[in-house]
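Asker:
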Amino acid sequence: MTIKDFVKTRKEELKVEFAKFKSVSKFVIVQMNEDPASEAYIRGKLKDGSELGVNVELRKFPLDFSHENLLNEIDKLNKDDSVTGFIVQMPLPKQIDEESVKLAISPKKDVDGFHPLSKLNPCTPQGIMNYLDHEHIDLLGKNAVVIGRSNIVGKPMAKLLLSRSANVTVLHSKTSFADMHRYLENADIIVVAVGKKHLIDDKFKFKKDAVIIDVGINRDEDGLKGDCINNLPVKLQTPVPGGVGLLTRLALYENLLKICKGEN
(Lines of atoms letter the chains of each structure in order from A and count residues from 1; the text may use other names and numbers.)
(Lines give C-alpha, C1' and ligand atoms only; values in the text may rest on other atoms or scores of the structure.)
Protein backbone atom coordinates (compact mmCIF):
# COMPACT_ATOMS: atom_id res chain seq x y z
CA MET A 1 0.00 0.00 0.00
CA THR A 2 1.32 3.45 -0.85
CA ILE A 3 1.89 5.96 1.93
CA LYS A 4 -0.95 8.11 0.61
CA ASP A 5 -3.35 5.16 0.75
CA PHE A 6 -2.13 4.17 4.21
CA VAL A 7 -2.60 7.71 5.54
CA LYS A 8 -6.07 7.99 3.98
CA THR A 9 -7.20 4.72 5.57
CA ARG A 10 -5.77 5.58 8.97
CA LYS A 11 -7.36 9.04 8.88
CA GLU A 12 -10.80 7.45 8.53
CA GLU A 13 -10.08 5.40 11.65
CA LEU A 14 -8.78 8.41 13.58
CA LYS A 15 -11.82 10.46 12.61
CA VAL A 16 -14.06 7.93 14.36
CA GLU A 17 -11.83 8.00 17.45
CA PHE A 18 -11.65 11.79 17.63
CA ALA A 19 -15.46 12.00 17.41
CA LYS A 20 -15.52 10.52 20.91
CA PHE A 21 -13.44 13.46 22.20
CA LYS A 22 -14.95 16.28 20.12
CA SER A 23 -15.63 18.49 23.13
CA VAL A 24 -12.10 18.19 24.53
CA SER A 25 -9.74 17.81 21.56
CA LYS A 26 -8.25 21.27 21.05
CA PHE A 27 -4.86 21.44 19.36
CA VAL A 28 -2.81 24.67 19.20
CA ILE A 29 0.05 25.34 16.77
CA VAL A 30 2.43 28.12 17.79
CA GLN A 31 4.30 29.68 14.87
CA MET A 32 7.11 32.20 15.07
CA ASN A 33 8.73 32.01 11.64
CA GLU A 34 8.10 32.74 7.97
CA ASP A 35 9.85 29.63 6.73
CA PRO A 36 8.21 28.38 3.50
CA ALA A 37 8.58 24.72 4.50
CA SER A 38 6.98 25.44 7.87
CA GLU A 39 4.16 27.35 6.21
CA ALA A 40 3.42 24.38 3.94
CA TYR A 41 3.67 21.95 6.85
CA ILE A 42 1.28 24.01 8.97
CA ARG A 43 -1.23 24.24 6.12
CA GLY A 44 -1.08 20.46 5.95
CA LYS A 45 -1.64 20.13 9.70
CA LEU A 46 -4.62 22.48 9.59
CA LYS A 47 -6.08 20.50 6.67
CA ASP A 48 -5.59 17.24 8.56
CA GLY A 49 -7.29 18.65 11.63
CA SER A 50 -10.29 19.77 9.60
CA GLU A 51 -10.62 16.34 8.01
CA LEU A 52 -10.36 14.62 11.40
CA GLY A 53 -12.87 16.89 13.13
CA VAL A 54 -10.28 18.33 15.51
CA ASN A 55 -10.40 21.93 16.72
CA VAL A 56 -7.04 23.32 15.59
CA GLU A 57 -5.92 26.87 16.35
CA LEU A 58 -2.89 28.64 14.85
CA ARG A 59 -1.26 31.26 17.03
CA LYS A 60 1.33 33.23 15.10
CA PHE A 61 3.75 35.58 16.85
CA PRO A 62 6.06 38.20 15.29
CA LEU A 63 9.66 37.31 14.43
CA ASP A 64 10.99 39.81 17.00
CA PHE A 65 8.97 38.24 19.84
CA SER A 66 11.31 37.83 22.81
CA HIS A 67 12.36 34.53 24.32
CA GLU A 68 10.72 35.49 27.61
CA ASN A 69 7.44 36.38 25.91
CA LEU A 70 7.37 33.06 24.07
CA LEU A 71 7.97 31.16 27.32
CA ASN A 72 5.11 33.12 28.89
CA GLU A 73 2.79 32.09 26.05
CA ILE A 74 3.87 28.46 26.49
CA ASP A 75 3.16 28.70 30.21
CA LYS A 76 -0.36 29.98 29.44
CA LEU A 77 -0.97 27.03 27.12
CA ASN A 78 0.33 24.61 29.75
CA LYS A 79 -2.19 26.00 32.25
CA ASP A 80 -5.14 26.36 29.85
CA ASP A 81 -7.47 23.43 30.55
CA SER A 82 -9.26 24.00 27.24
CA VAL A 83 -6.07 23.11 25.32
CA THR A 84 -5.51 19.37 24.95
CA GLY A 85 -2.06 19.68 23.43
CA PHE A 86 0.15 22.01 21.43
CA ILE A 87 3.37 22.30 19.46
CA VAL A 88 5.83 25.10 18.76
CA GLN A 89 6.69 24.95 15.07
CA MET A 90 10.40 24.89 14.32
CA PRO A 91 12.60 26.62 13.26
CA LEU A 92 12.59 29.57 15.63
CA PRO A 93 14.33 32.97 15.31
CA LYS A 94 17.92 33.22 16.52
CA GLN A 95 16.97 34.98 19.77
CA ILE A 96 15.00 31.91 20.85
CA ASP A 97 16.72 28.91 22.43
CA GLU A 98 14.93 25.90 20.91
CA GLU A 99 16.01 23.43 23.59
CA SER A 100 14.60 25.53 26.43
CA VAL A 101 11.36 25.90 24.47
CA LYS A 102 11.05 22.11 24.19
CA LEU A 103 11.67 21.77 27.92
CA ALA A 104 9.09 24.47 28.73
CA ILE A 105 6.24 22.53 27.13
CA SER A 106 4.45 20.31 29.63
CA PRO A 107 5.00 16.60 28.90
CA LYS A 108 1.24 16.21 29.34
CA LYS A 109 0.60 18.51 26.35
CA ASP A 110 3.70 17.80 24.26
CA VAL A 111 2.17 16.57 21.00
CA ASP A 112 5.58 16.60 19.27
CA GLY A 113 6.98 14.20 21.86
CA PHE A 114 10.20 16.22 22.25
CA HIS A 115 10.23 16.66 26.04
CA PRO A 116 12.57 14.14 27.73
CA LEU A 117 9.78 13.19 30.16
CA SER A 118 7.16 12.74 27.44
CA LYS A 119 5.76 9.23 27.03
CA LEU A 120 5.08 9.99 23.37
CA ASN A 121 7.62 9.45 20.61
CA PRO A 122 8.70 12.19 18.19
CA CYS A 123 6.35 12.17 15.23
CA THR A 124 8.68 11.43 12.33
CA PRO A 125 10.28 8.29 13.83
CA GLN A 126 6.93 7.08 15.16
CA GLY A 127 5.25 7.69 11.81
CA ILE A 128 7.95 5.67 10.09
CA MET A 129 7.55 2.81 12.57
CA ASN A 130 3.78 2.82 12.06
CA TYR A 131 4.26 2.46 8.30
CA LEU A 132 6.90 -0.26 8.62
CA ASP A 133 4.51 -2.21 10.84
CA HIS A 134 1.66 -1.74 8.39
CA GLU A 135 3.86 -3.05 5.58
CA HIS A 136 4.86 -6.03 7.77
CA ILE A 137 8.56 -5.15 7.58
CA ASP A 138 10.36 -7.54 9.91
CA LEU A 139 12.75 -5.72 12.27
CA LEU A 140 13.78 -8.53 14.60
CA GLY A 141 17.51 -9.11 14.20
CA LYS A 142 17.61 -7.11 10.95
CA ASN A 143 20.40 -4.68 10.09
CA ALA A 144 19.10 -1.11 10.31
CA VAL A 145 21.20 1.87 9.27
CA VAL A 146 20.18 5.40 10.27
CA ILE A 147 22.02 8.19 8.47
CA GLY A 148 21.79 11.34 10.56
CA ARG A 149 21.93 11.89 14.32
CA SER A 150 19.56 14.78 15.01
CA ASN A 151 17.56 14.86 18.24
CA ILE A 152 14.32 15.07 16.25
CA VAL A 153 14.81 12.18 13.81
CA GLY A 154 18.13 10.32 13.83
CA LYS A 155 18.61 9.56 17.52
CA PRO A 156 14.98 8.72 18.38
CA MET A 157 14.71 6.66 15.17
CA ALA A 158 17.70 4.58 16.22
CA LYS A 159 16.20 4.16 19.69
CA LEU A 160 12.85 2.94 18.33
CA LEU A 161 14.52 0.47 15.96
CA LEU A 162 16.70 -0.80 18.80
CA SER A 163 13.62 -1.25 20.98
CA ARG A 164 12.32 -3.65 18.32
CA SER A 165 15.54 -5.70 18.44
CA ALA A 166 17.04 -4.48 15.17
CA ASN A 167 20.82 -4.25 14.87
CA VAL A 168 21.21 -0.48 14.62
CA THR A 169 24.10 1.51 13.16
CA VAL A 170 24.07 5.33 13.11
CA LEU A 171 26.09 7.04 10.37
CA HIS A 172 26.74 10.79 10.17
CA SER A 173 28.78 13.53 8.56
CA LYS A 174 32.03 12.14 9.93
CA THR A 175 31.44 8.66 8.49
CA SER A 176 33.72 7.92 5.52
CA PHE A 177 32.10 7.07 2.18
CA ALA A 178 33.95 3.75 2.21
CA ASP A 179 32.35 2.82 5.52
CA MET A 180 28.96 4.11 4.35
CA HIS A 181 29.17 1.83 1.31
CA ARG A 182 30.01 -1.12 3.53
CA TYR A 183 27.17 -0.54 5.97
CA LEU A 184 24.53 0.15 3.30
CA GLU A 185 25.23 -2.95 1.22
CA ASN A 186 24.50 -5.08 4.30
CA ALA A 187 21.47 -3.09 5.49
CA ASP A 188 17.91 -4.39 5.56
CA ILE A 189 16.35 -1.07 6.62
CA ILE A 190 17.90 2.31 5.76
CA VAL A 191 16.61 5.60 7.15
CA VAL A 192 18.21 8.68 5.56
CA ALA A 193 17.67 11.93 7.47
CA VAL A 194 20.47 14.30 6.55
CA GLY A 195 18.98 17.09 4.42
CA LYS A 196 21.45 16.69 1.58
CA LYS A 197 19.95 16.26 -1.88
CA HIS A 198 20.63 12.87 -3.46
CA LEU A 199 23.30 11.90 -0.93
CA ILE A 200 22.36 8.28 -1.59
CA ASP A 201 22.53 7.37 -5.27
CA ASP A 202 23.15 4.40 -7.54
CA LYS A 203 26.85 4.37 -6.70
CA PHE A 204 25.86 2.42 -3.59
CA LYS A 205 24.94 -1.26 -3.58
CA PHE A 206 21.87 -2.50 -1.73
CA LYS A 207 20.19 -5.74 -0.82
CA LYS A 208 17.38 -6.31 -3.32
CA ASP A 209 14.85 -6.67 -0.48
CA ALA A 210 16.12 -3.61 1.44
CA VAL A 211 13.73 -0.87 2.59
CA ILE A 212 14.77 2.78 2.23
CA ILE A 213 12.98 5.51 4.19
CA ASP A 214 13.86 8.94 2.77
CA VAL A 215 13.26 11.67 5.36
CA GLY A 216 15.10 14.41 3.49
CA ILE A 217 13.34 17.47 2.11
CA ASN A 218 15.53 19.57 -0.19
CA ARG A 219 14.26 22.39 -2.38
CA ASP A 220 15.73 23.25 -5.77
CA GLU A 221 14.47 24.94 -8.93
CA ASP A 222 12.57 21.79 -9.89
CA GLY A 223 10.76 21.37 -6.58
CA LEU A 224 11.28 19.02 -3.63
CA LYS A 225 13.98 16.38 -3.67
CA GLY A 226 14.88 13.70 -1.18
CA ASP A 227 18.18 12.61 0.32
CA CYS A 228 18.04 9.67 -2.12
CA ILE A 229 17.65 9.55 -5.87
CA ASN A 230 14.42 7.98 -7.09
CA ASN A 231 13.95 4.34 -8.07
CA LEU A 232 16.83 2.74 -6.26
CA PRO A 233 16.94 -1.08 -6.77
CA VAL A 234 15.31 -2.05 -3.49
CA LYS A 235 12.06 -3.65 -2.28
CA LEU A 236 10.53 -0.41 -0.95
CA GLN A 237 11.56 3.24 -1.11
CA THR A 238 9.45 6.10 0.26
CA PRO A 239 8.89 9.00 -2.17
CA VAL A 240 9.69 12.69 -1.79
CA PRO A 241 7.33 14.50 -1.72
CA GLY A 242 4.32 12.49 -0.58
CA GLY A 243 6.22 10.25 1.79
CA VAL A 244 7.56 10.71 5.30
CA GLY A 245 6.00 14.18 5.64
CA LEU A 246 2.54 12.61 5.46
CA LEU A 247 3.54 9.98 8.03
CA THR A 248 4.83 12.71 10.36
CA ARG A 249 1.60 14.69 10.14
CA LEU A 250 -0.43 11.55 10.77
CA ALA A 251 1.69 10.63 13.81
CA LEU A 252 1.11 14.12 15.20
CA TYR A 253 -2.62 13.41 15.41
CA GLU A 254 -1.94 9.88 16.68
CA ASN A 255 -0.07 11.56 19.57
CA LEU A 256 -2.89 14.04 20.12
CA LEU A 257 -5.37 11.17 20.34
CA LYS A 258 -3.18 9.46 22.95
CA ILE A 259 -3.28 12.67 25.00
CA CYS A 260 -7.08 12.73 24.69
CA LYS A 261 -7.15 9.16 25.98
CA GLY A 262 -4.75 9.94 28.82
CA GLU A 263 -2.10 7.60 27.43
CA ASN A 264 0.66 10.18 27.79
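If you want our numbering, it's the position in the sequence shown, counting the first as 1, plus 1.
Every residue, glycine too, gets a C-beta built ideally from N, C-alpha and C.
The structure presented is a predicted model; accordingly, all values stated were derived computationally and were not measured.
Are the Cβ atoms of ILE213 and ILE191 separated by less than 9 Å?
Answerer: Your numbering for residue 213 matches position 212 in the sequence shown. Your numbering for residue 191 matches position 190 in the sequence shown. Yes.
Asker: Could you name the residues of the same chain whose beta carbon sits closer than 6 Å to that of MET158, not counting the 5 residues immediately before and after it, in chain order?
Answerer: Start at 1 with the first residue of the sequence shown, and residue 158 comes out as number 157. Only PRO126, VAL147, VAL192 meet the Cβ criterion.
Asker: Which residue's Cα is closest to the Cα of TYR184: LEU93, HIS135, ILE201?
Answerer: Residue 184 sits at position 183 when you count from the first residue of the sequence shown. Selected option, being the one with the closest Cα: ILE201.
Asker: Does the region 121 to 141 come close enough to the region 96 to 113 that 3 or more CB-CB pairs lie under 8 Å?
Answerer: Because the criterion of three Cβ pairs below 8 Å is met, the region 96 to 113 and the region 121 to 141 touch.
Asker: Please report the residue range of the beta strand (DSSP E) in which ARG165 lies.
Answerer: Start at 1 with the first residue of the sequence shown, and residue 165 comes out as number 164. From DSSP, ARG165 is part of no beta strand (DSSP E); its letter is neither H nor E.
Asker: Would you call the CB atoms of GLY86 and GLY246 closer than 9 Å?
Answerer: Sequence index remark: in the sequence shown, residue 86 carries index 85 (1-based). Sequence index remark: in the sequence shown, residue 246 carries index 245 (1-based). No, these two residues do not count as a Cβ contact at 9 Å.
Asker: Rounded to the nearest angstrom, what separates VAL235 and ALA211 at their Cα positions?
Answerer: In the sequence shown, counting from the first residue as 1, residue 235 sits at position 234. In the sequence shown, counting from the first residue as 1, residue 211 sits at position 210. One C-alpha to the other measures close to 5 Å.
Asker: So ILE97 and LEU71 are in contact, right, with Cβ under 8 Å, and what is the actual spacing, rounded?
Answerer: Within the sequence shown, the letter at position 96 stands for residue 97. Within the sequence shown, the letter at position 70 stands for residue 71. Sure, about 6 Å apart at Cβ, within 8 Å.
Asker: What did DSSP end up calling ASP223 once you bin it into helix, strand or coil?
Answerer: Mapped onto the sequence shown, residue 223 falls at position 222. Of the three classes helix, strand and coil, the one that applies to ASP223 here is coil, per DSSP.
Asker: Just how far apart, CA to CA, sit MET181 and GLU18?
Answerer: Here residue 181 refers to the residue found at position 180 when the sequence shown is read from its first residue. Here residue 18 refers to the residue found at position 17 when the sequence shown is read from its first residue. Rounded to whole angstroms, MET181 to GLU18 spans 43 Å at the Cα level.
Asker: If we require 3 or more residues per run, which beta strand (DSSP E) segments fall completely within the region 93 to 161?
Answerer: If we require 3 residues or more, the beta strand (DSSP E) runs fully inside the region 93 to 161 come out as 144 to 148.
Asker: State the Cα-Cα distance for the pair SER151 and VAL171, rounded to the nearest angstrom.
Answerer: Reading the sequence shown from its first residue, position 150 is the one you call residue 151. Reading the sequence shown from its first residue, position 170 is the one you call residue 171. Computed Cα separation, rounded: 11 Å.
Asker: For SER268, count the other beta carbons within 10 Å of its own beta carbon; 16 or more makes it buried, fewer makes it exposed. Which is it?
Answerer: Nothing in the structure corresponds to residue 268, since the chain is present only between 2 and 265.
Asker: Quick one: what does DSSP say ASP215 is sitting in, helix, strand or coil?
Answerer: The residue you call residue 215 lines up with position 214 of the sequence shown. Three-state DSSP puts ASP215 in a strand.
Asker: Is ASN187 closer than 9 Å to PRO94 when the C-beta atoms are compared?
Answerer: Position 93 of the sequence shown, counted from the start, is the residue given in the question as residue 94. Position 186 of the sequence shown, counted from the start, is the residue given in the question as residue 187. No, they are not a contact pair.
Asker: Going by the beta-carbon positions, is the gap between VAL102 and ILE75 smaller than 9 Å?
Answerer: By one-based count along the sequence shown, residue 102 stands at place 101. By one-based count along the sequence shown, residue 75 stands at place 74. Going by C-beta atoms, VAL102 is nearer than 9 Å to ILE75.
Asker: Taking the runs of the beta strand (DSSP E) that are 3 residues or longer, which of them lie wholly in the region 2 to 83?
Answerer: Taking only runs of at least 3 residues, the beta strand (DSSP E) segments lying wholly in the region 2 to 83 are 27 to 32, 56 to 61.
Asker: Assuming LEU248 contacts ILE129 (C-beta within less than 8 Å), just tell me the rounded distance between them.
Answerer: Taking the sequence shown and counting its residues from 1, one reaches residue 248 at position 247. Taking the sequence shown and counting its residues from 1, one reaches residue 129 at position 128. Correct: roughly 6 Å between the Cβ atoms.
Asker: Check whether the Cβ of GLN96 lies closer than 9 Å to any Cβ atom in chain D.
Answerer: Going by chain labels, chain D is absent from the structure shown, which holds only one protein chain.
Asker: Please determine, among ARG11, ASN73, SER39, the residue with the shortest C-alpha to C-alpha distance to LEU59.
Answerer: Counted from its first residue, the sequence shown places residue 59 at position 58. For LEU59, the nearest C-alpha among the options comes from SER39.
Asker: Using 9 Å as the threshold, is the C-beta distance between GLY263 and PRO242 below it?
Answerer: By one-based count along the sequence shown, residue 263 stands at place 262. By one-based count along the sequence shown, residue 242 stands at place 241. Against a cut-off of 9 Å, the Cβ pair of PRO242 and GLY263 comes out as no contact.
Asker: Would you decide whether HIS226 is buried or exposed? Buried here means 16 or more other CB atoms lie within 10 Å of its CB.
Answerer: Locating residue 226 in the sequence shown gives position 225, where the first residue counts as 1. The question names His, yet the displayed sequence has Lys at residue 226. LYS226 is buried by the Cβ-count criterion.
Asker: With PHE87 as the anchor, note down where its alpha helix (DSSP H) starts and where it stops.
Answerer: Reading the sequence shown from its first residue, position 86 is the one you call residue 87. PHE87 -> not in any alpha helix (DSSP H); beta strand (DSSP E) instead, spanning 86 to 89.
Asker: For GLY142, which residues from the same chain have a beta carbon less than 8 Å from its beta carbon, with the 5 sequence-adjacent residues on both sides left out?
Answerer: Indexing the sequence shown from 1 puts residue 142 at position 141. Correct list, in chain order: SER166, ALA167, ASN168.
Asker: Relative to the C-alpha of ALA194, which residue among GLU136, ALA252, PHE62, VAL216 is closest?
Answerer: Reading the sequence shown from its first residue, position 193 is the one you call residue 194. The option with the nearest alpha carbon to ALA194 is VAL216.
Asker: With respect to the alpha helix (DSSP H) encompassing ILE260, which residues constitute its N-terminal and C-terminal limits?
Answerer: Within the sequence shown, residue 260 is the residue found at index 259, counting from 1. ILE260 -> alpha helix (DSSP H) spans 245 to 261.
Asker: May I ask you to check if the CB of ASP76 is nearer than 8 Å to at least one heavy atom of the ligand MN?
Answerer: Summarising the ligand content, the structure contains no ligands, and the ligand MN is consequently not present.
Asker: For ASN265, count neighbouring Cβ atoms within 10 angstroms of its own Cβ and tell me buried if that reaches 16, exposed if not.
Answerer: Sequence index remark: in the sequence shown, residue 265 carries index 264 (1-based). Per the 10 Å Cβ criterion, buried.
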